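Okay, so here's the structure we're looking at.
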Amino acid sequence: MVYHRSRDAQAAGVAWGEADISAIKRLSDMGFKVTVTGGLALEDLPLFKGIPIHVFIAGRSIRDAASPVEAARQFKRSIAQLWG
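Heads up: the sequence shown begins at 1 in full-length UniProt numbering, then just goes up one per residue.
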């Protein structure tokens, strides 16, 4: 199951919120393997702690970084710290 925060929400400055986290948790509790995407930034990862997220897609956060390789490494480290 893919949970995607829309680009319109991102453009309007709408951050990941309690409604998103609650919906993702419900999907996980129903047995879905949840993928999270849609303007995901490194500092958003702790919001999802305690939920068994199957995949994070952080395309633009990595692609648009000054150093995409370092950005990917930071995501990997943060995921390992939070879910490792």
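Every residue, glycine too, gets a C-beta built ideally from N, C-alpha and C. No experiment lies behind these values; they were computed from the predicted model shown.
Can you tell me the Cα-Cα spacing of residue i and residue j, whole angstroms?
i     : j     : result
ASP29 : ASP8  : 28 Å
ALA23 : HIS54 : 15 Å
ALA71 : ILE79 : 12 Å
Report buried or exposed for residue i, applying the criterion of at least 16 other Cβ atoms within 10 angstroms of its Cβ.
i     : result
GLY50 : exposed
SER61 : buried
ASP64 : exposed
Within the same chain, show all residues whose beta-carbon is closer than 6 Å to that of residue i, passing over the 5 residues directly before and after it, in chain order.
i     : result
LEU27 : MET1, VAL34
TRP16 : ASP44, LEU47
Opposite residue i in the DSSP bridges: which residues?
i     : result
ILE53 : VAL34
VAL2  : THR35
Would a C-beta distance cut-off of 7 Å place residue i and residue j closer than the cut-off?
i          : j     : result
residue 85 : GLN74 : Because residue 85 is not part of the residues shown, which for the chain are 1 to 84, the question remains open.
GLY38      : HIS4  : yes
VAL36      : PHE56 : yes
Within the same chain, show all residues whose beta-carbon is closer than 8 Å to that of residue i, passing over the 5 residues directly before and after it, in chain order.
i     : result
GLN10 : GLY38, GLY39
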